[in-house]
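Numbering (this note's numbering), first residue to last: 5 to 425. Have a look at the structure below, then the notes.
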């Protein structure tokens with residue numbers, strides 16, 4: 005019994021050792037075969053396009069694009085920076101004659117052997133800056149499949165131009181594009197195509213932008229006409245961006261709206277409260293002007309009017325109108341008998357008691373008297389003076405309701421128009 009058990013264990017151990025040895029030999033054989041194929045590829049010269057000599061049949065390059073990150077969208081420079089993974093594939097059966105690919109589905113090639121094979125001379129026509137990723141090793145890969153398909157993948161960061169229309173800023177929607185084109189080959193030599201799969205252009209769903217959100221992406225193929233070099237096949241990937249309005253409501257619209265409302269406090273102050281009303285009006289005007297400058301400092305100097313310009317201009321008009329209204333009320337309330345103005349009182353202010361000050365601020369017509377000849381006259385102030393003073397009082401009262409009403413109508417029209425267009 006013990007002898008049979010020992011024989012069983014020896015049989016199991018021998019089978020395992022034989023399997024390990026066979027696997028090791030097979031693995032070394034595959035590795036040697038791989039190195040042999042790479043050596044054979046390195047001896048060839050495949051630097052021209054596969055179908056370069058066949059004018060009626062251009063080399064077709066299928067493209068896939070994966071947007072890994074959107075690093076920045078700059079309105080001042082009108083560009084955007086993206087991190088992408090570009091995948092290109094084409095068919096080149098010429099290396100098949102010098103390789104033995106029966107044992108492999110595909111052959112991975114390092115950077116030393118990539119230079120032996122032809123790769124498309126792809127560039128980005130709307131590119132400002134671009135860089136490859138080399139941490140820890142160059143982020144590029146090339147695979148040569150047994151059916152002759154060559155797959156090339158690389159990772160890079162690209163800054164591309166993005167012309168923007170800021171007429172509706174900050175309610176605007178922008179479209180930024182990535183253009184891919186062959187630099188040297190015309191469309192009769194090389195044809196760029198998006199992959200037939202639905203994921204020809206994919207955007208990382210984890211991308212979170214502080215000011216925009218990506219609402220849609222589209223892609224198309226077309227031909228770019230160059231006057232000197234001819235027609236070139238081109239690919240375009242469009243990204244539709246919609247600006248997030250929340251930040252601008254909190255940082256621009258609400259503060260400016262509160263400043264306009266603050267200027268209305270002047271209508272409730274006494275007409276002779278010159279320092280308080282002047283300070284309130286001037287500070288409101290300066291604050292709106294400063295805020296408008298801050299807003300435009302982060303935008304390009306365009307020659308057209310933006311939506312935010314209309315808002316800031318109207319806020320400035322309202323606070324300036326409140327200051328002018330106070331000037332009219334103050335001057336009218338200081339009208340003196342004889343039809344003239346008291347400049348001393350206008351600049352120095354009243355020095356009488358509060359009761360006298362109130363009487364001078366809003367003068368009331370005195371009782372009339374009738375003489376023996378039947379003439380009716382006022383005891384102290386001329387009729388014109390009382391009329392002007394009464395108008396000054398009424399102007400403050402009317403402004404308390406007219407200014408908010410007009411500002412409310414402007415808000416209604418402004419928000420309805422820009423939010424719906």
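All C-beta atoms in this analysis are idealised placements derived from N, C-alpha and C, irrespective of residue type, glycine included.
- DSSP links residue 221 through a beta bridge to 243.
- By the Cβ neighbour-count rule, residue 305 is exposed, with fewer than 16 other Cβ atoms within 10 Å of its own.
- Distance check between residue 193 and each of 61, 309, 405, 326 places 61 closest, using alpha-carbon atoms only.
- Per DSSP, reduced to three states, the secondary structure at residue 87 is strand.
- Per the DSSP secondary-structure output, residue 65 pairs in a beta bridge with 196.
- By the CB criterion at 9 Å, residue 215 and residue 226 fall outside the cutoff.
- The count of Cβ pairs closer than 8 Å, one atom from the stretch 243 to 258 and one from the stretch 206 to 223, reaches three, so the stretches are in contact.
- The distance from the Cβ of residue 256 to that of residue 312 is about 7 Å, consistent with a contact at the 8 Å cut-off.
- Looking at the DSSP output, residue 134 sits in a beta bridge with 162.
- Of the other Cβ atoms in all chains shown, fewer than 16 fall within 10 Å of the Cβ of residue 279; this residue is therefore exposed.
- Just so you know, the alpha carbons of residue 271 and residue 319 end up roughly 17 Å apart.
- Using a Cβ-Cβ distance cut-off of 8 Å, the stretch 195 to 202 and the stretch 258 to 270 are not in contact, since fewer than three pairs of beta carbons, one from each stretch, lie closer than that value.
- The beta carbons of residue 185 and residue 150 sit no closer together than 9 Å.
- Distances from the CA of residue 404 to each of 208, 337, 330 were compared; the closest alpha carbon is that of 330.
- The C-alpha of residue 230 is placed about 38 Å away from the C-alpha of residue 210.
- By the neighbour-count definition (other C-beta atoms within 10 Å, threshold 16), residue 222 is an exposed residue.
- Rounded to the nearest whole angstrom, the CA to CA distance from residue 234 to residue 71 is 30 Å.
- Going by beta carbons, residue 245 and residue 178 fall inside the 9 Å limit.
- Distances from the CA of residue 204 to each of 66, 409, 422 were compared; the closest alpha carbon is that of 66.
- Annotated three-state conformation of residue 277 is coil, per DSSP.
- In the displayed model, residue 145 falls within a strand according to three-state DSSP.
- Residue 329 carries a helical assignment under DSSP once its states are collapsed to helix, strand and coil.
- Membership of residue 260 in the alpha helix (DSSP H) is indicated by the continuous run 258 to 267.
- The C-beta distance from residue 285 to residue 323 rounds to 7 Å, short enough to meet the 8 Å contact threshold.
- For residue 75, the three-state secondary structure derived from DSSP is strand.
- About 7 Å separates the beta carbon of residue 276 from that of residue 337, a gap short enough to meet the 8 Å contact definition.
- Cα atoms of residue 161 and residue 79: separation of roughly 19 Å, rounded to the nearest angstrom.
- A distance below 9 Å separates the beta carbons of residue 118 and residue 146.
- 88 is the residue among 424, 88, 418 whose C-alpha sits nearest the C-alpha of residue 73.
- Non-local beta-carbon contacts of residue 85 in its own chain, meaning distances under 6 Å to residues more than five positions away in sequence, involve 75, 76, 163 in chain order.
- Separation of the CB atoms of residue 154 and residue 195 is rounded to 16 Å, and the pair is thereby denied contact status at 8 Å.
- The C-beta separation of residue 165 from residue 132 comes to about 6 Å, placing the pair in contact by the 8 Å criterion.
- Per the coordinates, the alpha-carbon of residue 422 lies some 14 Å from the alpha-carbon of residue 169.
- Between residue 327 and residue 289, the C-beta gap is smaller than 9 Å, which places the two residues in contact.
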